[in-house]
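S.K.: Those letters in the sequence shown? Residues 8 to 301, per my numbering, in order. The C-beta atom is built at its ideal place from N, Cα and C for all residues, glycine as well. Starting off with a structure, shown below.
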Amino acid sequence: DALVVNNGAAALLLAVLALPGEVLLSRGEMVEIGDGFRLHDMLAGAGVAVTEVGATNRVHPHDYIDALGANTGCILKVHPSNFETVGFTTSVSTATLAQMDAPVVVDIGSGLLEPHASLPHEPDARAALADGADLVTFSTDKLLGGPQGGVIAGRADLVHRARRHPLARALRADKLTLAALSATLRSDQRPPTLAMAQLDAADLMRRLLRIQERVGGEMIDTYGVIGGGSAPGAQIPGPALSFDASLAGPLRQGRLAVVARTQADRCVIDLRCVSAERDDAVADALAAALHAQA
Numbered sequence: 008d009a010l011v012v013n014n015g016a017a018a019l020l021l022a023v024l025a026l027p028g029e030v031l032l033s034r035g036e037m038v039e040i041g042d043g044f045r046l047h048d049m050l051a052g053a054g055v056a057v058t059e060v061g062a063t064n065r066v067h068p069h070d071y072i073d074a075l076g077a078n079t080g081c082i083l084k085v086h087p088s089n090f091e092t093v094g095f096t097t098s099v100s101t102a103t104l105a106q107m108d109a110p111v112v113v114d115i116g117s118g119l120l121e122p123h124a125s126l127p128h129e130p131d132a133r134a135a136l137a138d139g140a141d142l143v144t145f146s147t148d149k150l151l152g153g154p155q156g157g158v159i160a161g162r163a164d165l166v167h168r169a170r171r172h173p174l175a176r177a178l179r180a181d182k183l184t185l186a187a188l189s190a191t192l193r194s195d196q197r198p199p200t201l202a203m204a205q206l207d208a209a210d211l212m213r214r215l216l217r218i219q220e221r222v223g224g225e226m227i228d229t230y231g232v233i234g235g236g237s238a239p240g241a242q243i244p245g246p247a248l249s250f251d252a253s254l255a256g257p258l259r260q261g262r263l264a265v266v267a268r269t270q271a272d273r274c275v276i277d278l279r280c281v282s283a284e285r286d287d288a289v290a291d292a293l294a295a296a297l298h299a300q301a
């Protein structure tokens, strides 16, 4: 079953509240989600006792097993969707946690429903449930491409318990959110972020060459990133046009504002997040900005 609430943090909070007791949480997964909000502080503010397990960089199955007790409500696994820990690190898989004597809640963060070829290291809801998670929580914007919202999915009895929790009404989604989410899920189009991640480099090159014929520039190899608290470290290779970094300002201030990134003292025009029907407008803006500099 599944329950929609007003954002991803609300989904995580309500899922944990539906499983009363101490929450076991790896120290390496005690994340800050932005603007100073920390998940473990949010849980503590709601009266949930959080027991830290493992070390910042390494946690082992026995860390959870040693912390399990009569007061354990659930094991919480949080995907650090806005940072990476690299080096001497290890974590415990959902499948291993699911073998322990406590319900497992997995917060995958960014709302990837199933595996995606361009994001091989990003967890998805389907795999987490298949690995034995009792509940999975995630946002409905970001990778899912819908409105801001949150989802609790998994065991029907636990989802029902979350639905009947006294705080569920305070955290529920409004009708406009539900309508927008329904339209997103029923659409035959891929979410914009995932569609952009899968754009073919050869197609991008052809589009860039047409612009280059008009305004010049140097063709370079670059990469895009998902950003927005999703898929940290994922790099999507592709081509781009490069100009002097001084062009970035006139482009942003033009009649049609084009927000290009600067990289190594160069202004980089990457069409991955531009629809093909806007290519001529980008070329016009480039021509105007170059003319203003002449």
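So the alpha helix (DSSP H) Met49 belongs to, where does it begin and stop?
M.R.: Element bounds for Met49: 46-52.
S.K.: Out of Arg34, Asp287, Gly41, which one is the CA nearest neighbour of Gly15?
M.R.: Closest option to Gly15, Cα to Cα, is Gly41.
S.K.: What separation, rounded to the nearest whole angstrom, lies between the Cα atoms of Ser146 and Pro87?
M.R.: Answer to the nearest angstrom: the Cα atoms are 13 angstroms apart.
S.K.: Check Ser249 in the structure and name its three-state DSSP category.
M.R.: Strand.
S.K.: With DSSP run on the structure shown, which of helix, strand or coil describes Met226?
M.R.: DSSP places Met226 in strand when its eight states are reduced to three.
S.K.: Is the separation between the beta-carbon of Cys274 and that of Ala255 shorter than 8 angstroms?
M.R.: For Cys274 and Ala255, yes; Cβs fall inside 8 angstroms.
S.K.: Would you call the CB atoms of Asp277 and Ala247 closer than 8 angstroms?
M.R.: Contact flag set, yes.
S.K.: Our contact map puts Glu29 next to Gly94 with C-beta atoms below 8 angstroms; I'd like the distance itself, whole angstroms only.
M.R.: Not quite, the Cβ-Cβ distance comes to about 30 angstroms (not below 8 angstroms), so this is no contact.
S.K.: Would you kindly check if the distance between the Cβ of Gly116 and the Cβ of Val12 is under 8 angstroms?
M.R.: For Val12 and Gly116, no; Cβs fall outside 8 angstroms.
S.K.: Quick check on DSSP: helix, strand or coil for Ile233?
M.R.: Ile233 falls in the coil class under three-state DSSP.
S.K.: So what's Gln196 in DSSP terms, helix, strand or just coil?
M.R.: Note: Gln196 maps to coil in three-state DSSP.
S.K.: Would you report the Cα separation of Asp195 and Leu178, rounded to the nearest angstrom?
M.R.: So the alpha carbons of these two residues sit roughly 29 angstroms apart.
S.K.: Taking the alpha carbon of Leu31 as the reference point, which residue from Gly43, Glu39, Ala9, Val99 has its own alpha carbon closest?
M.R.: Out of Gly43, Glu39, Ala9, Val99, Val99 has the C-alpha closest to the C-alpha of Leu31.
S.K.: So the beta strand (DSSP E) Gln270 belongs to, where does it begin and stop?
M.R.: 268-270 is the span of the beta strand (DSSP E), which, as asked, contains Gln270.
S.K.: I need the DSSP call for Ser146, collapsed to helix, strand or coil.
M.R.: DSSP places Ser146 in strand when its eight states are reduced to three.
S.K.: Could you check if Glu36 is buried or exposed, using at least 16 other CB atoms within 10 Å of its CB as the buried criterion?
M.R.: With 16 or more other Cβ atoms within 10 Å, it is buried.
S.K.: Where Thr96 and His67 are concerned, what is the direct C-alpha to C-alpha distance, given to the nearest angstrom?
M.R.: Each residue's alpha carbon lies about 10 angstroms from the other.
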